[in-house]
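Structure record follows, encoded as C-alpha cells.
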Amino acid sequence: MKWHFTKMHGVGNDFIVLDGVRQSIQMTPERARALAHRHFGIGADQILLVEDPSHPEAHFRYRIFNADGSEVEHCGNGARCFVRFVHEQKLSGHNPLKAEIATGLITLTEHDDHTVSVEMGQTRFSPEAVAFDVNGLSSKQIAQDTVWTLPLDNGDTVALSLVGISNPHAVQIVDDIQTAPVEEQGPLIESHPRFKNRVNAGFMQVLNPQEINLRVYERGAGETLACGTGACAAAVAGIRRGLLQSPVLVHTRGGDLRIHYDGQSIVMTGPATTVFEGIVDIDALVNTFPK
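Residue numbering for the sequence shown follows our numbering, beginning at 89 and increasing consecutively.
As C-alpha cells, this is what we get:
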C-alpha cells in the first residue's frame, strides 16, 4: 500500500502530513513508529492525519501521532502545518478553518505572509486537568498560579505550574535555558507516575515581561526544536505568576512564536513550512523496520 505524504515543519518541529480524505489511511502505532524513525523511516516528531470530520461544524478532523506511535490530543505547531497543507493541497479554501481534534474544535487562520494563527481552545489549571496526583505533595500560591513541588527519582525537586491546553503541560522556571537540565529531568517529569497520562515538561527562562526562552521535553517524542502547546503553556504560566504580559514572544531552538492571552483565550501565531513531498510503501516500510 503506497501513501502520498508531505514533510513539513513549524519552527523546526517536523511532521509527516497524510491526506486521509483522498486516500485510505489506516494508522497504527507500528506504522507511525516506522514512518517517524529518522534512520529507518522518513523521520518526524509527529505524524499528522487529515480526515473528514464527524463534528457538524468542522471542515476537517485533525489527528496527531507521536514518534512512539501514541496518539495525542493536540499539537500547536502541527496545527499550523495542517492548515497550510489543506490550502496547498486544495482540500479546502476556507479561511478561517475549523478543525476537529480529540478535545473539541479549534479555529485556524492563514495570513498573507503565510504565517498561521491558531485559537488554541480551552485552558485549564487544576491537577485534574493534567491527570496529576497531588496526594501528599505541597504547593504554593504565586499570584494567580498554584506551583506544585515534585520530587524526582534522581533526587532533584522541581516547582511546576500545571497547564492543560488539550495536552497536559508542567512548566518550571530556570535561570539559563542553555544549562537547564532538560535531558536529565525531562524524561523523569514526562513519565513520572503522578502524571497518569504522562506530561510535556517545559523549561522556561524569563528574559523580560514579554519575552522568554523555552525548551520542551515532549510526551512520546523527547526534546523537540519547538512545541506549540508548550509555548502557550509557558506563556500562560508566566502571566499567571505575574512575570509576563501578553503578547509574549517565545524563542524556541527552532524559531519564534508569538502568544496572545487575554485571561481566557489563547492565540498562537507562527510560520509553517513545506519541505518536500513523496510516496512511501507503508507495508514494505513496516516489514523491514527493526523489531
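Where a beta carbon is used, it is the ideal one built from N, C-alpha and C, also for glycine.
Gly181 and Leu276 have their C-alpha atoms spaced approximately 43 Å apart. Proximity to Pro269 across Arg286, Leu240, Phe93 peaks at Leu240, based on C-alpha coordinates. Judged by their CB atoms, Gly252 and Arg168 are not nearer to each other than the 9 Å cut-off. Contact between the region 301-320 and the region 346-356 is present: three or more C-beta pairs spanning the two stretches fall below 8 Å.
Proximity to His147 across Leu185, Ala314, Arg119, Phe170 peaks at Leu185, based on C-alpha coordinates. Straight-line measurement puts the Cα of Glu161 at about 16 Å from the Cα of Glu278. When secondary structure is reduced to three states using DSSP, Asp371 falls in the helix class. In the DSSP assignment, Glu271 falls within the unbroken alpha helix (DSSP H) covering 270-278. Contact check for Leu137 against Arg151 passes: the beta carbons are separated by less than 9 Å.
As computed with DSSP, Asn288 is found in a beta bridge with His257.
DSSP lists Asp369 as the bridge partner or partners of Lys90.
Pro297 is positioned such that its CB atom lies no closer than 9 Å to that of Leu250. As far as DSSP is concerned, Met208 takes part in no beta bridge. Ranked by Cα distance from Ile194, the options Asp201, Asn183, His202, Pro281 are led by Asn183.
Met89 is classed as exposed because its beta carbon has fewer than 16 other beta carbons within 10 Å across all chains shown.
When only Cα atoms are considered, Glu188 and Leu373 end up about 29 Å apart. Boundaries of the beta strand (DSSP E) around Ala187: 185-189. The closest CA to that of His199, considering only Ile367, Val363, Pro359, is found on Pro359. Partner residues in the beta bridge of Lys95, as assigned by DSSP, are Ile104, Phe364. Annotation: the continuous beta strand (DSSP E) that includes His348 extends over 343-349.
Taking each of Gly243, Ala289, Ala132, Ile300 in turn and checking the Cα distance to Leu337, the smallest one comes out for Ile300.
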